[in-house]
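Protein chains in written order, with our numbering: chain A, 2 to 285; chain B, 979 to 1784.
Written out below as structure tokens is the structure these notes cover.
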Ligand SMILES: Cc1cc2nc3c(=O)[nH]c(=O)nc-3n(C[C@H](O)[C@H](O)[C@H](O)COP(=O)(O)OP(=O)(O)OC[C@H]3O[C@@H](n4cnc5c(N)ncnc54)[C@H](O)[C@@H]3O)c2cc1C
């Protein structure tokens, strides 16, 4: 539980941070809240020689809700996501999901940026961001670029981010309609056995649009277009929900671990998705 | 009585003696973060030790190259078995009569086994050096299944024992077999089973788990080469036993060894054993002449220091058609891991597993336990239970449920029908124990009434109907348990650890101004001894508990005792405290009589004073007597007021209780919710009701964890799958159920104050209550037995196997 020795850097601007990341290449890693990275270092599963702490970079913090668009700085903590009144009003889904992440102590430190950049299939925010169709802004030595959350995740711990890029912010349009984040876990502080993020819009008793993303059921989050399509045009009856669940099940690829075997996880994924759809529909 | 004297009741209350919910005196320092734990100890020049551990569960160690590690600045030494062998310390004796490698001697037998010990100037350097030690392994076949370990052609695990078929507990019948322990009458039991009207048979598995105290194990060893004294501060539940063992294996005279247990952050059995870290730290300090600290981290704690349980209990229970139990048979296959390091009294290699007839009057019984070696960590400690009592309680409380199913009978009724009746105590059990006292029917009726048992059964019947009609996906389980414990080990005639009799002790000194210090051979790890033992004394000698200092854990000052585990402190050391108090009182009586100028027999004890019989205005308070003991020459009486008692208990004590758990189960996700948990405990005389309640909450929460998710799991090649708290379930406030506590009081007839001990009852009683609730929820659908832990996927699997997912 003691990490390898490392050099600690504390830049005060995005450019300075990017410069350090560029200088040290794959020996360097950004440090946000540290609640994923530090445990990996203590287990000596991550050998980081240069730790670039982002805490002193003020421009990475903050939540802006303007004209139906939400922009959140990478260093915004999960605790801040929960307690921002404007955000809670514009996107209650974020609050509902954030409250199901870890425990209060972890949420005081853990950040949105760290959660989405980490690339751990257990993290809840990546699926949520895919559900919201968020866009990530990355800053590198050649300036900024944008990558859709739905294109960002390649495999466990592999993302579209280059080693010398910083994720600076996350942006998405405030969704309309009903929402739900449903997560089954073994205990407080546990990653999901299965989790579902659902957004639903309804008009005249019929579903007009839907977005569904699943968490910890494959080596990346699973945004499931087919499952969403199964709902659109339906009255969100049992048959439509069943079709969405079936479509989702063929898109996921859960692995056996201490949470249980594949068969169980697949079943639970169906249960949490059906519950999330029902709850979202009731709020739409 | 003169006007100045407050009434008896008031004086008695001011003592804060027996029965008072006195606030814990320990908490002031703990709640302010002012405790002093082993890892808080810092000494000038102190070095740090850290282990190179085996990544394999079974492998030959071909070579160890520590050159790179030794070259790292700050590294002082790297010890291997080769370095310890000349001192004959590369192996150490275990508490169970086996021996254990201190550092890998030729091979490793479990993942996480100690291979080399790095000593460095700080723990960061030590951790880096551990990575630099190069060990070449050759993998060997791994056995994690105790049944497979006994196969004819199974790999030999303990090559050191090859050809040695006489073990510490009798003959070994296979190279991976440790012992067979038999109790009761085999022939008679088989006869009963053969001719019984009904026989229920089941395999009951109590999985491997771990006590996981918040503070892990560790020590600081300091050899003073000038005066030849070795001082070891450590997380020891039995400091005196550690001193004696350390003396025997190191050859250092016992008076030159001082063992100190400072504050201990929970033990639960994990800190009874002797671990390689202690030996290595001691050796390193002897070699370097400076203090050496070793403290394990959480993963090391879960992987390498004492696990608990891992019992496969095959049972057969015989009864008449109307539910009268006639016989019980049990064969247990006990997975002890790579070395037999169980912490049991020497004559009891399977602990008190022979309490497995439980609360029931079972005329004929037979128990056999086979201990087996596997490629898992050694241990087998009593995790908040008296030696294997929780296994026994789980076994019988499951067998009762299985029998109820077989008979088509209500499980509460079946229990009541078979309880040992009040008038049968002292009760001689078929497996050899003499139960001291009990009133099971009263407790049981009280419990059933408190939870509204009949209404619960009606609600359950409705729920089943609704479930079948597709109106709900939740089932309701009612988990019943009536447990009987056996604690307070124990009578020296049959209880010893490494030859040390399991008495305990108390030494009291009354100061001239009427306050006191008492020292005990036990050591608190959170139980609140400083609070409760002062209360026992307050009632015995009339000095307020607040004026009594309690000290434990320093072998240079405390009287010899066998320590704290197995709920033995109150039954044994608590008794010693009362007896020492009575000696004080006897001397005080003589002093009082002298001061009052009457015969000894003319004064009588009243709360906090001796009063002349028939003349209530003539008295001497304990305070006055104490002063007189130090400032007056009293003919025929030595000055001072001190006493010591070594108490050898005449029998064990037998606390009991009735626990009921009401649980909602989501059939589709395997999730559960504890709707109600009722715990009635009878621990005899109640010393501090608040502490009892706290003990019940803590123990029941551990029981909840064990039953519902906590386990030490291995894969087929012996990798520990649950090495961190992400996967090893420790409930937080969020998961912890709400408990309703209750009690009856049936004092122990042989204990000086009638107390029986309570610390472990809630773990023993709650595990079957939680597990039975899960089973009960599915009883109507045909479930007989499903192994713990009942985590989400395993409950889901029960439902799935019963076809409840459509
Ligand atoms: C006990 C416990 C329980 C938890 N439970 C959950 C849970 O249920 N659900 C959940 O989603 N998470 C959970 N977490 C993780 C927690 O939410 C983390 O805080 C989060 O995953 C990472 O955020 P962080 O700010 O701590 O990032 P860090 O740990 O500091 O960093 C994580 C990774 O992201 C990189 N990184 C961080 N910021 C940036 C950036 N701006 N640009 C580029 N790369 C960056 C780092 O280099 C690192 O590789 C848990 C953590 C703990 C300790």
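Beta carbons are placed, not taken as given, at the ideal position from N, Cα and C, and that holds for glycine.
9 Å is my cut-off, CB to CB: does residue i come that close to chain A?
i	result
residue 979 of chain B	Legend: pLDDT at residue 979 of chain B = 44, less than 50; position of this residue unreliable, value from coordinates given subsequently. No - not a single Cβ of chain A is within 9 Å of the one on residue 979 of chain B.
residue 1699 of chain B	yes
residue 1707 of chain B	yes
residue 1779 of chain B	no
residue 1102 of chain B	yes
residue 1691 of chain B	yes
residue 1168 of chain B	no
residue 1583 of chain B	no
residue 1201 of chain B	no
residue 1822 of chain B	A query on residue 1822 of chain B cannot be resolved here, the shown segment of chain B reaching from 979 to 1784 and no further.
Compute every distance between the C-beta of residue i and the non-hydrogen atoms of ligand 3, then say whether any falls below 8 Å.
i	result
residue 37 of chain A	No copy of ligand 3 appears in this structure; the ligands present are ligand 1.
Is any heavy atom of ligand 1 found at a distance shorter than 8 Å from the C-beta of residue i?
i	result
residue 1491 of chain B	no
residue 101 of chain A	yes
residue 1704 of chain B	yes
residue 167 of chain A	yes
residue 1851 of chain B	The requested residue 1851 of chain B does not occur in the structure, where chain B is confined to residues 979 to 1784.
residue 1277 of chain B	no
residue 126 of chain A	yes
residue 114 of chain A	yes
residue 30 of chain A	yes
residue 40 of chain A	yes
residue 186 of chain A	yes
residue 108 of chain A	yes
residue 1 of chain A	Given that chain A is displayed from residue 2 to residue 285, the structure contains no residue 1 of chain A and the question cannot be resolved.
residue 61 of chain A	yes
residue 50 of chain A	no
residue 1118 of chain B	no
residue 55 of chain A	yes
residue 1673 of chain B	no
residue 123 of chain A	yes
residue 162 of chain A	yes
What residues from chain B crowd round residue i, counting only those whose CB sits closer than 9 Å?
i	result
residue 5 of chain A	1105, 1106 and 1109
Can you find a C-beta in chain B that's less than 9 Å from the C-beta of residue i?
i	result
residue 41 of chain A	no
residue 281 of chain A	no
residue 30 of chain A	no
residue 108 of chain A	no
residue 2 of chain A	yes
residue 45 of chain A	yes
Mind listing the chain A neighbours of residue i? Cutoff is C-beta to C-beta under 9 Å, in chain order.
i	result
residue 1687 of chain B	187 and 188
Would you mind telling me which residues of chain B sit closer than 7 Å to residue i, beta carbon to beta carbon, in chain order?
i	result
residue 194 of chain A	1770
residue 272 of chain A	1646 and 1647
For residue i, go through chain A and note every residue whose CB falls closer than 8 Å to its CB, in chain order.
i	result
residue 1783 of chain B	268
residue 1713 of chain B	188 and 189
residue 1710 of chain B	104, 188, 189 and 190
Give the residues of chain A in contact with residue i, contact being defined as C-beta atoms less than 7 Å apart.
i	result
residue 1024 of chain B	Within 7 Å Cβ-Cβ: nothing; residue 1024 of chain B doesn't reach chain A, min ~17 Å.
**OP:** With 9 Å as the limit, tell me which residues of the segment 252-266 of chain A have their beta carbon closer than that to any beta carbon of chain B; keep them in chain order.
**Re:** Along the segment 252-266 of chain A, the positions whose C-beta sits under 9 Å from a C-beta of chain B are 258, 259, 260, 261, 262, 264, 265 and 266, read in chain order.
Original post:
Which residues, in order along the segment 1261-1280 of chain B, keep a beta-carbon less than 8 Å from a beta-carbon of chain A?
Top reply: Against chain A - using a Cβ distance shorter than 8 Å - the residues of the segment 1261-1280 of chain B are 1275, 1276 and 1277.
Subject >> Contact list for the segment 1757-1777 of chain B against chain A, Cβ threshold 9 Å >> reply: Per Cβ criterion, the list reads 1769, 1770, 1771, 1772, 1774 and 1775.
Subject >> Short-range partners of chain A found in the segment 1635-1660 of chain B, where Cβ spacing is below 8 Å >> reply: Answer set for the segment 1635-1660 of chain B: 1646, 1647, 1648 and 1649.
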